[in-house]
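Here the structure is laid out as structure tokens; the discussion comes afterwards.
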Amino acid sequence: MAGSSTVIEAAGVVRDFPGTRALDHVSFTLRRGEVHAILGENGAGKSTLVKVLCGIDRPDAGVLRLHGTPVRFSSPRDAERAGIGAVHQEANLVPQMSIARNLFLGREPRHRLGLINVARMNTRARDIMADCGLRIDVRRPLESFDAGIQQLVAVARAVATGTSVIVLDEPTAGLDDDQVERLLSMLDTLRDQGRSIVYVSHRLTEIERICDRATVLRDGRLVHTGPLAGLDRMRLVSLMLGRRVALGATAPGGASAVEPADPPILQATGLTRRHVLGGVSINLRPGEVVGLSGLLGAGRSETAKAIAGAMPLDAGQVTVSGARLRRRSIAGAVRAGVGLLPQNRRTEGIIASLSVRDNIALAALPRLSRAGIVSEARLDRIVETFMRRLRIKATSPHQPVGELSGGNQQKVLLARWLATHPRVLMLDEPTRGIDIGTKSEVQALIDDLAVDGLAVMLISSDLEELVGSCDRVLVLRDGAVAGQLTGPNVTEKNIMALLAAT
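In structure tokens:
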């Protein structure tokens, strides 16, 4: 049972970044001896709230209290001194050193002459690991243990600093089921000792197993905080996505609509990558819009990247127009007629310093060149055509694309792929972060592309968008296909039922 005394309180916290408000008057409390989940989709504000708690970011407004006293951390070291330790997804450990050295790195016990007291360090390390519920040889190099043990050591290192609060950011990413259970058992032990834990994860099964209370954020705002007991999974999903659905909804037994007669233009079979994708299969037909739905971490973007040759696989194959893509690469996928508009247009899509013209031309250059020479006149005609067709607002084709609005940047990326005359176009959150008018234009364009015979994969966290645009929707959960909806079964209620199914 969680204690009633408040350890950390964030009251009305605001955090602004250029062009966006990441936290909008968010309040949060962490009690002694509890595991508290912070939940939400991409862009909800989870990471920003964690950074505020850990001293990485400072709030622009609001107050942070520790044991009732207002605090203002200027760095993560300040937060650590105050008793708040963080374990990030990529643990900062030294694989070649022993477990004991990792636990005490920078704080090693020493003899009077300044040399490290190895015997004392090893003894204390064994005691710390035992207190965390794990008996292990702390003298062995960390790299000799599996990923699960290494993550336990990362948590134990936070414990070794004397912290009363431990913040865990996606701690089970990359762990198998046995390793996850070992970590959760360790957290049970720490909670029983009275330590408080902030747990950030997209895995609802883990949340239900380990957490006492949950705080749900959406678009930088607090939408719910309270005990997990009595809060069923459907309600939790509804809070994260911002949709109200009848709690008694159940997933349909199968699709009722007849499959199109045309053969698939793209077939992806058994796409597998350890801890990421577990045998995902999907096909797309000409003129069909197929949606991919799933909560954060379900494998939506990873599926698209695997098909586009942007992520290596352990197993699986992709076939386009009956020809198997044997050499998995982005260039090979483009040559086969597969394009991907990525979720993060700023880091994975546009090149901000280049002009609109050059950004549109990037993927089409091989098609436009003859003997390595590109026809400037032909390129100008193509750029002009797509700027007019997509109504890209720019002073000229030579304006740097970084100066355009988010919606126009998205249109430039769409123009880039359309200029390659693709057979298959995968769109990952194409309307996120753009204004309502541009969003409508993009959605209308998706319909037009399908009418023209293009096979479209639409990845979106907007259920209304999926229902309004898609002929079929595949729902992913934990890197695998949880179910498929077709025709009249494509409803928000049915998508959410599959998202919430155990």
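Residue numbers for the sequence shown follow numbering that gives the first Met the number 0, so the first one is 0 and each next one is one higher.
Just so it is clear, CB atoms sit at the ideal spot from N, CA and C, and this is done for glycine as well.
Could you give the first and the last residue of the continuous beta strand (DSSP E) run that contains residue i?
{"i": "Gly225", "result": "Arg220 to Pro226"}
{"i": "Phe16", "result": "Thr5 to Phe16"}
{"i": "Ser292", "result": "Val288 to Ser292"}
{"i": "Pro69", "result": "Thr68 to Val70"}
{"i": "Pro281", "result": "Contrary to the premise, residue 281 reads as Ile rather than Pro in this sequence. Per DSSP, Ile281 belongs to the beta strand (DSSP E) from Leu276 to Leu283."}
{"i": "Gln266", "result": "Leu265 to Arg272"}
{"i": "Arg476", "result": "Arg471 to Arg476"}
{"i": "Ile165", "result": "Val164 to Asp168"}
{"i": "Ile37", "result": "Val34 to Leu38"}
{"i": "Asn83", "result": "The displayed chain sequence assigns Ile, not Asn, to residue 83. Ile83 to Val86 is the extent of the beta strand (DSSP E) around Ile83."}
Might you give, ordered along the chain, the residues of its own chain that have their beta carbon closer than 6 Å to the beta carbon of residue i, omitting 5 neighbours on each side?
{"i": "Ala256", "result": "The predicted model places Ala256 with a pLDDT of 37, which falls under 50 and marks its position as unreliable, so this point remains unresolved."}
{"i": "Phe103", "result": "Met120"}
{"i": "Gly278", "result": "Gly269 and Thr271"}
{"i": "Arg471", "result": "Val289 and Thr485"}
{"i": "Val179", "result": "Thr171"}
{"i": "Ala479", "result": "Gly277"}
{"i": "Phe27", "result": "Ala9 and Thr214"}
{"i": "His35", "result": "Leu29, Val197 and Arg212"}
Compare the C-alpha of residue i against each of the options and name the closest.
{"i": "Ile445", "options": "Leu462, Leu424 and Arg431", "result": "Leu424"}
{"i": "Leu473", "options": "Gln483, Leu465 and Val466", "result": "Gln483"}
{"i": "Thr68", "options": "Gly467, Gly105, Ala85 and Ala10", "result": "Ala10"}
{"i": "Val158", "options": "Leu141, Gly193, Arg181 and Gly147", "result": "Gly193"}
{"i": "Ala297", "options": "Cys53, Leu112 and Ser459", "result": "Ser459"}
{"i": "Ala454", "options": "Leu203, Val319 and Val480", "result": "Val319"}
{"i": "Arg344", "options": "His110, Pro170, Asp427 and Asp56", "result": "Asp427"}
{"i": "Ala335", "options": "Ile264, His274, Val279 and Arg284", "result": "Ile264"}
{"i": "Lys438", "options": "Val197, Asp176, Thr188 and Asp461", "result": "Asp461"}
{"i": "Gly315", "options": "Arg220, Ser280, Val289 and Thr490", "result": "Ser280"}
{"i": "Pro421", "options": "Asn116, Gly286 and Arg31", "result": "Gly286"}
{"i": "Leu186", "options": "Val137, Ala351 and Ala129", "result": "Ala129"}
{"i": "Arg31", "options": "Val164, Val489, Leu276 and Gly478", "result": "Val164"}
{"i": "Asp261", "options": "Gln409, Arg273, Asn282 and His274", "result": "Asn282"}
{"i": "Ile37", "options": "Ile148, Leu133, Ser200 and Ile83", "result": "Ser200"}
{"i": "Cys131", "options": "Arg181, Gly348 and Leu403", "result": "Arg181"}
{"i": "Ala43", "options": "Arg326, Glu301, Leu240 and Val466", "result": "Leu240"}
{"i": "Ala21", "options": "Asp177, Gly39, Ile372 and Thr5", "result": "Gly39"}
{"i": "Glu205", "options": "Glu491, Asp477, Asn488 and Thr490", "result": "Asp477"}
Ignore the nearest five residues each way along the sequence and tell me which others in residue i's own chain have a CB closer than 7 Å to its CB.
{"i": "Gly252", "result": "With a pLDDT of only 38 at Gly252, under the threshold of 50, the placement of this residue in the model should not be trusted, and no figure is reported."}
{"i": "Ala250", "result": "With a pLDDT of only 40 at Ala250, under 50, the local geometry of the prediction cannot be trusted, and the value read off the model is given with reservation. Gly482, Asn493, Ala496, Leu497 and Ala500."}
{"i": "Arg356", "result": "Val382, Pro396 and His397"}
{"i": "Leu417", "result": "Phe385"}
{"i": "Met0", "result": "Only weak support exists for where Met0 lies, its pLDDT of 42 falling under 50; the value from the coordinates is given anyway. Answer for Met0: no residue qualifies."}
{"i": "Asp56", "result": "Arg14, Thr47 and Lys50"}
{"i": "Asn407", "result": "Ile391, Lys392 and Ala393"}
{"i": "Asp126", "result": "none"}
What are the boundary residues of the alpha helix (DSSP H) that includes residue i?
{"i": "Met239", "result": "Arg232 to Leu240"}
{"i": "Thr47", "result": "Lys45 to Leu52"}
{"i": "Gly467", "result": "Leu462 to Ser468"}
{"i": "Arg100", "result": "Ile98 to Leu102"}
{"i": "Leu498", "result": "Glu491 to Ala499"}
{"i": "Thr302", "result": "Arg299 to Ile306"}
{"i": "Ala129", "result": "Val117 to Asp130"}
{"i": "Ala78", "result": "Pro75 to Arg80"}
In the structure shown, what three-state DSSP assignment does residue i receive?
{"i": "Ala314", "result": "strand"}
{"i": "Leu339", "result": "strand"}
{"i": "Asn358", "result": "helix"}
{"i": "Arg156", "result": "helix"}
{"i": "Phe27", "result": "strand"}
{"i": "Val199", "result": "strand"}
{"i": "Thr384", "result": "helix"}
{"i": "Met0", "result": "Any reading at Met0 must be qualified, since the residue scores a pLDDT of 42, below 50, and its modelled position is unreliable; the value itself is stated next. Here Met0 sits in coil by DSSP."}
{"i": "Ala414", "result": "helix"}
{"i": "Leu426", "result": "strand"}
{"i": "Pro251", "result": "Caution applies to Pro251, whose pLDDT of 41 falls short of 50 and renders its modelled position unreliable; the model cannot decide the point."}
{"i": "Pro262", "result": "coil"}
{"i": "Ala449", "result": "helix"}
{"i": "Ala256", "result": "Legend: pLDDT at Ala256 = 37, less than 50; position of this residue unreliable, value from coordinates given subsequently. Residue state, collapsed to three classes: coil."}
{"i": "Pro108", "result": "coil"}
{"i": "Thr204", "result": "helix"}
{"i": "Arg212", "result": "strand"}
Which residues in the same chain as residue i place their Cβ atom closer than 8 Å to its Cβ, once the five residues preceding and following it in sequence are excluded?
{"i": "Arg299", "result": "Leu291, Ser292, Gly293, Asp427, Ile458 and Leu475"}
{"i": "Gly82", "result": "Leu65, Gly161, Thr162, Ser163 and Val164"}
{"i": "Gln95", "result": "Pro140, Leu141 and Glu142"}
{"i": "Leu174", "result": "Ala146, Gly147, Gln150, Leu182 and His274"}
Should residue i be counted as a contact of the ligand HEM given a C-beta to heavy atom distance under 8 Å?
{"i": "Ala362", "result": "The ligand HEM is absent from the structure shown, which contains no ligand whatsoever."}
Any beta-carbon of chain B closer than 9 Å to the one on residue i?
{"i": "Ala9", "result": "Judged by its chain identifiers, the structure shown contains no chain B, having just a single protein chain."}
Using 8 Å as the Cβ pair cut-off and three pairs as the minimum, do the stretch 59-73 and the stretch 145-160 touch? no
Can we say the stretch 387-396 touches the stretch 448-462, given the rule of at least three CB pairs closer than 8 Å? no
Is the stretch 410-430 close to the stretch 327-340, with three or more CB pairs under 8 Å? yes
Is the stretch 6-21 touching the stretch 52-69, taking contact as three or more C-beta pairs under 8 Å? yes
Three CB pairs or more closer than 8 Å across the stretch 301-321 and the stretch 203-213: no
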